[in-house]
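The sequence shown begins at 200 in the numbering used here and counts up one residue at a time.
Where is the CB? At the ideal position from N, CA and C, for every residue including glycine.
Bear in mind that the values here come from a model prediction, so they are computed numbers and not experimental data.
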Amino acid sequence: MLVKAKPRSPSEKPRRLRREGFVPAVIYGPHVDGAISVAVPEADLEDLFRHVTRSTTVEVKVEGGDTYHVFLKDIQVDPITESFLHVDFYVPEPGRKLEIPVPVKLVGTCPGVKEGGILEHVHEYIEVEGLPRRIPPFFEIDISKLGLEESILIGDLPWDDELRPLHPLDDPIVTVLAPRAVRLAEAEEEAEEAVEEAEAPTEAPQEEEGETED
Numbered sequence: 200m201l202v203k204a205k206p207r208s209p210s211e212k213p214r215r216l217r218r219e220g221f222v223p224a225v226i227y228g229p230h231v232d233g234a235i236s237v238a239v240p241e242a243d244l245e246d247l248f249r250h251v252t253r254s255t256t257v258e259v260k261v262e263g264g265d266t267y268h269v270f271l272k273d274i275q276v277d278p279i280t281e282s283f284l285h286v287d288f289y290v291p292e293p294g295r296k297l298e299i300p301v302p303v304k305l306v307g308t309c310p311g312v313k314e315g316g317i318l319e320h321v322h323e324y325i326e327v328e329g330l331p332r333r334i335p336p337f338f339e340i341d342i343s344k345l346g347l348e349e350s351i352l353i354g355d356l357p358w359d360d361e362l363r364p365l366h367p368l369d370d371p372i373v374t375v376l377a378p379r380a381v382r383l384a385e386a387e388e389e390a391e392e393a394v395e396e397a398e399a400p401t402e403a404p405q406e407e408e409g410e411t412e413d
């Protein structure tokens with residue numbers, strides 16, 4: 200995804216820029232010589248946020264300057280008008296790992312839900328540490344084979360030395376919970392079986408005592 204920006208003087212008033220349809224922004228990173236002040240068309244930002252996530256690599260082309268591969272580091276939004284106030288673009292160091300939240304996208308129809316289960320999306324984001332080129336825009340999780348009382352865990356995703364989760368591997372990403380009625384029925388059956396097993400050995404000695412008296 201490409202975003203075009205124009206250079207911005209630090210002395211330019213943010214309110215004036217917004218009235219002209221631009222959003223103040225800054226580009227920075229370990230290999231960027233100082234923070235670069237820019238202005239981005241608000242319409243372009245609105246379109247950008249409809250198609251990307253915070254873990255998506257975005258190209259920012261500065262008018263008359265360079266093109267930077269960035270992540271959306273911080274977004275300030277007016278709490279009343281919901282309009283953009285300021286955006287921070289972070290330029291990562293290519294060979295250095297960074298920590299970032301990656302959203303989870305569920306796809307498919309869950310058979311466990313058809314059986315009466317309740318789908319619980321435990322991790323909507325997965326915090327990861329990895330090289331910039333390995334950071335995915337999202338994790339796509341197929342739930343089309345997820346049955347009742349089954350889960351997909353963090354450890355079920357493919358990880359390696361260049362990309363690893365910052366959560367325990369046995370953490371569930373998504374799970375199908377049995378409805379309360381099903382759980383109660385199973386608990387009652389287990390209780391009845393436990394009672395029968397407990398009563399079985401007490402009857403045998405009574406029969407033996409009766410045979411001895413005869």
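- prompt: At which residue ranges does the region 289-314 contain complete alpha helix (DSSP H) runs of 4 or more residues, listed in the order of the chain?
  reply: 310-313
query: If P367 sits next to I353, beta carbons under 8 Å apart, how far is it from one beta carbon to the other, in whole angstroms?
result: Residue 367 sits at position 168 when you count from the first residue of the sequence shown. Residue 353 sits at position 154 when you count from the first residue of the sequence shown. The pair is a contact, with the Cβ atoms about 7 Å apart (cut-off 8 Å).
message: Just to confirm the assignment, what range does the alpha helix (DSSP H) spanning L247 have?
response: Here residue 247 refers to the residue found at position 48 of the sequence shown. Start and end: E241 to H250.
- prompt: Would the region 276-291 and the region 306-316 be scored as touching if the rule is three or more Cβ pairs under 8 Å?
  reply: no
query: Across which residues does DSSP place D359 in a beta bridge pair?
result: The sequence position of residue 359 within the sequence shown is 160, counting from 1. BP columns for D359 point to L362.
query: So what does E258 bridge to, in DSSP terms?
result: Locating residue 258 in the sequence shown gives position 59, counting from the first residue. BP columns for E258 point to L201 and H268.
task: Would you give the residue range spanned by the alpha helix (DSSP H) that L216 belongs to?
output: Taking the first residue of the sequence shown as position 1, residue 216 is located at position 17. Run containing L216: P213 to R218, per the alpha helix (DSSP H) assignment.
query: Run through DSSP, which three-state label would G228 get?
result: Taking the first residue of the sequence shown as position 1, residue 228 is located at position 29. If DSSP states are grouped into helix, strand and coil, G228 belongs with coil.
- request: Label A242 either buried or exposed according to how many other C-beta atoms from any shown protein chain fall within 10 Å of its C-beta, with 16 as the threshold for buried.
  value: Taking the sequence shown and counting its residues from 1, one reaches residue 242 at position 43. Flag for A242 reads exposed.
Closest by C-alpha distance to H372, when choosing among D359, E395 and F338: If you number the sequence shown from 1, residue 372 lands on position 173. The amino acid occupying residue 372 in the given sequence is Ile; His does not appear at that position. Looking at the Cα atoms, F338 is the closest of the given residues.
message: Give me, in chain order, the residues of the same chain whose beta-carbon lies closer than 6 Å to that of R253; leave out the 5 immediate sequence neighbours on both sides.
response: Here the question's residue 253 lines up with position 54 in the sequence shown. Cβ neighbours of R253 beyond the five flanking positions: L271.
task: Could you check what DSSP says for V237 in three-state terms: helix, strand or coil?
output: Counting from one through the sequence shown, the residue named residue 237 turns up at place 38. Of the three classes helix, strand and coil, the one that applies to V237 here is strand, per DSSP.
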